[in-house]
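S.K.:
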Amino acid sequence: MEVFIAQVINGLALGSIYVLLVTGFNLLLLVAMIIHFAYPQVVVFSMYIIWLVLGLTGNNLLLGALAGIASSILLNLISAPLFQKVMEKRAEVDINTTMVLSMGIGMIITDVLSHGFNKGHPIAFPETLAGGEAILRVGLISVLPGQVFSLVVGVVAVSSFFLLLYKTRPGRAFRAIAEDPNGARLVGIPLLRTGLESYALSGLLGGIIALLLSVLLGSASPGLGEQVAHKVLAVSIIAGLGNLVGGLVVGLFLGILEAIVQGYISGTWSNVIAFVVMLVIILAKPNGLFGLKL
Amino acid sequence: MAPNDPIGAPPSRALLTIDRISVSYGQVSALKNASVEVFRGEIVVLIGANGAGKTTLLETALGTHTPSTGSIRFKGKAIEGVPVDRNVRNGICLVPEGRGVFASMTVLDNLLLGAHHNIRNADKHLRRVYEWFPILQKRRDQIARTLSGGERQMLAIGRALMSSPELVMVDEPSIGLAPIVVNDIFNILRMLNREGYTILLSEQNANKALRCAHRGYVLETGTVTLSGTADQLLNDPGVREAYLGA
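Below, the structure is given as structure tokens:
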């Protein structure tokens, strides 16, 4: 039973990161109308910035976190004009163009990381980041303070996002554009500016994700973004592309599934089993569990 | 309802002046040298069949298309090429054809979207809209999808009023509504006009629209073929034959 509880906590921590990733990805899909396949690469880039700043400031976590968030927002805003040509037409999501653009951005980021940082070797975050002593330990399985920290921050971030979406003026504009871009335009919602706000918000989420991943994984490599990108795309398609609530459920489910497999079978099999489960679901429900919401 | 005669109004009272504009979608021409003028305090109706260019004319005035020739002035200032959100901020609004409410959002959210630029005054406008449309207050937390056709039209009009407009453009409000509801909607437009809103309306339902309007224009394949007071148009043999089924 302790193993189960420990792995559920670990799984929720991991799952809330998946939820944040899918949410940032879906936000860009719904409001900016792009498939930002390389969003996880942006997040990993910010992990490198956090690592760099931690090294420079003698492990000042606050400065590291702020630098990570700033770099992620900046990277998203810099890439926005590249997508602008597609954004201006706005008749529908131009999947082909935006995906190629986004993959290009992802490759550039991966290459910059492997040439510009730590001679291309994986980077390791200081162990103090994860919080040292385990709160709960059962055999080989443990719950570290870092995992509780990322769970708490993850839950706060996800709830704040949904509050913003449903209770604020920009959130209302996001939902209107997501439902009917042309109708939103006729009402007088500025599409381009609201689109830019969604780049900034998904950048903010990206910075928070980078911080949580740094704490939870303790390391990063240039190829990490691509691995995560596959999972984010899988989760968002299985939930139903653009379906925020679906992404919440499926993201948490995937995190817990992976943690349970790690706890009871083997960590090396968690990816395989997760993707087999997702394959079965997508064959049964090609439009995703919760349906498309573009 | 005896409309007062605005024909003699001095030119300075023109709120919207559309002067010989042409608009095309690629190779297809939607408007050719169309001119329409709306004075403060008027209800003006555009009459025309499907595809005559009514929606294009209203949307162009709102700013979604830039005319290839001609000019548009609102409150004396040239506005062709000005983006929609600036025009809305300036006092133009459009109630789109087919209601165009956001079906997955609540009535209140829909109304607040209309006040996107004007959120500080939202409470004041909300009170007035609820006063005019008590049903919207009753249903404010309901999802718009659950409203009837007439209620959706009221919501779309209420949402437009939330932007504190001077010119309210309404695209085919009667389409798809039961006759008794259509009467309600035209009564609402008359009431709003008495409250001081200037209204530019497009309609296929020429009979009811002309009885509610002061003046009208007939649009045929993108060109204004006839204009005059509502009475003149109602008694015009061509209009009677083509649009009133007489």
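For the record, the sequence lines run as chains A and B.
Heads up: the first sequence at position 274 corresponds to 274 in our numbering, and the numbers run straight through without jumps.
Just so we're on the same page, our numbering is the position in the second sequence counted from 1, plus 294.
A virtual CB, placed ideally from N, CA and C, is assigned to each residue, including glycine.
Assuming the contact rule is C-beta atoms closer than 8 Å, B/G408 and A/V187 should be a hit. Round their C-beta distance to whole Å, please.
M.R.: 6 Å
S.K.: Check the DSSP bridge columns for A/F290 and list the partner residues they point to.
M.R.: DSSP lists no beta-bridge partner residue for A/F290.
S.K.: I'd like the list of long-range same chain contacts for B/K418, defined as Cβ closer than 6 Å, with 5 residues on each side in sequence excluded.
M.R.: none
S.K.: Buried or exposed, going by whether 16 or more other CB atoms sit within 10 Å of the CB of B/D465?
M.R.: buried
S.K.: Judging by CA-CA distance, which residue of B/V533, B/F396, B/R334 is the nearest neighbour of B/F368?
M.R.: B/R334
S.K.: Does the stretch 141-148 of chain A come within contact of the stretch 158-165 of chain A, defined as at least 3 CB pairs closer than 8 Å?
M.R.: no
S.K.: Among B/L351, B/R484, B/G370, which residue has its Cα nearest to the Cα of B/P390?
M.R.: Closest option to B/P390, judged by alpha-carbon separation, among B/L351, B/R484, B/G370: B/L351.
S.K.: Tell me, to the nearest whole angstrom, how far the beta carbon of B/L513 is from that of B/I337; I am working on the premise that it is less than 8 Å.
M.R.: Wrong, their Cβ atoms sit about 17 Å apart, outside the cutoff.
S.K.: Take A/D111 as the anchor and find which of A/I237, A/G242, A/L224 has the nearest alpha-carbon.
M.R.: Checked all of A/I237, A/G242, A/L224; the closest Cα to A/D111 is A/L224.
S.K.: Check whether the stretch 467-474 of chain B and the stretch 487-505 of chain B touch, using three or more Cβ-Cβ pairs below 8 Å as the test.
M.R.: yes
S.K.: Expressed to the nearest angstrom, what Euclidean distance is found between the alpha-carbon atoms of B/E280 and B/I312?
M.R.: Outside the displayed span of chain B (295 to 540) sits residue 280 of chain B, for which this structure offers no information.
S.K.: Would you mind sorting A/V100 into buried or exposed? The rule is 16 or more other CB atoms within 10 Å of its CB.
M.R.: exposed
S.K.: Give me whichever residues DSSP pairs with B/C387 in a beta bridge.
M.R.: B/V462
S.K.: If you run the structure through DSSP and keep just helix, strand and coil, what is A/A80?
M.R.: helix
S.K.: Is there a Cβ from chain A that is less than 9 Å from the Cβ of B/S458?
M.R.: No, because no Cβ of chain A sits closer than 9 Å to the Cβ of B/S458.
S.K.: With DSSP as the reference, identify every bridge partner of B/L366, one or two as the case may be.
M.R.: Sequence inspection shows Ile at residue 366 of chain B; the Leu mentioned does not correspond to that position. In the DSSP output, where bridge partners are listed per residue, B/I366 has B/I312.
S.K.: Taking the alpha-carbon of A/N295 as reference, which of B/S365, B/L388, B/A308 has the nearest alpha-carbon?
M.R.: A question about residue 295 of chain A goes unanswered here, because the residues of chain A that appear run from 1 up to 294.
S.K.: Between which two residues does the beta strand (DSSP E) harbouring B/T523 extend?
M.R.: Note, B/T523: beta strand (DSSP E), 517-523.
S.K.: Just the Cα atoms here: how many angstroms apart are A/I49 and A/G55?
M.R.: 10 Å
S.K.: When the Cβ atoms of the stretch 433-442 of chain B are set against those of the stretch 394-403 of chain B, are three or more pairs found closer than 8 Å?
M.R.: The stretch 433-442 of chain B makes contact with the stretch 394-403 of chain B: 3 or more CB pairs, one atom from each, lie closer than 8 Å.
S.K.: If contact means a Cβ-Cβ distance below 7 Å, which residues of the stretch 178-206 of chain A contact chain B?
M.R.: E179, D180, G183, R185, L186, V187, G188, I189, P190
S.K.: Less than 9 Å between the beta carbons of A/L12 and A/P40, yes or no?
M.R.: no
S.K.: What does a CB cutoff of less than 6 Å around A/M207 pick up in its chain, not counting 5 residues either side in sequence?
M.R.: It should be noted that the sequence gives Gly, not Met, for residue 207 of chain A. Within the same chain, A/G207 has close Cβ partners S46, G68, I69, S72.
S.K.: Kindly identify the DSSP beta-bridge partner or partners of B/T492.
M.R.: Its beta-bridge partners are B/L461.
S.K.: Below 8 Å on the Cβ atoms is my contact criterion, and I expect A/L233 with A/A157 to pass it. Report the Cβ-Cβ distance as a whole number of Å.
M.R.: 21 Å between Cβ atoms; not a contact.
S.K.: For B/A303 and chain A, any beta-carbon pair shorter than 9 Å?
M.R.: Unreliable positioning characterises B/A303 in this predicted model, as indicated by a pLDDT of 47, which lies under 50. A coordinate reading is not provided.
S.K.: Just to make sure I have the definition right: I need the residues of chain D whose C-beta is within less than 9 Å of the C-beta of B/T358. Which are they?
M.R.: Going by chain labels, chain D is absent from the structure shown, which instead holds the protein chains A and B.
S.K.: List, in chain order, every chain B residue whose beta-carbon is nearer than 8 Å to that of A/A173.
M.R.: L407, H410
S.K.: Please compile the residues from chain A whose C-beta is within a distance smaller than 9 Å of the C-beta of B/A453.
M.R.: The amino acid occupying residue 453 of chain B in the given sequence is Arg; Ala does not appear at that position. Correct list: V187.
S.K.: Tell me the residue span of the alpha helix (DSSP H) that contains A/N96.
M.R.: Per DSSP, A/N96 belongs to the alpha helix (DSSP H) from 95-116.
S.K.: Whose CA, out of A/F83, A/P122, A/H121, A/F117, lies closest to the CA of A/M103?
M.R.: Restricting attention to A/F83, A/P122, A/H121, A/F117, the CA atom closest to the CA of A/M103 is found in A/F83.
S.K.: Suppose the cutoff is 6 Å on Cβ atoms and the five residues either side in sequence are ignored; what does the same chain contact list for A/L136 look like?
M.R.: A6, V143
S.K.: What residues from chain A crowd round B/G394, counting only those whose CB sits closer than 7 Å?
M.R.: G183, L186
S.K.: Cα separation between B/R380 and A/S270?
M.R.: 53 Å
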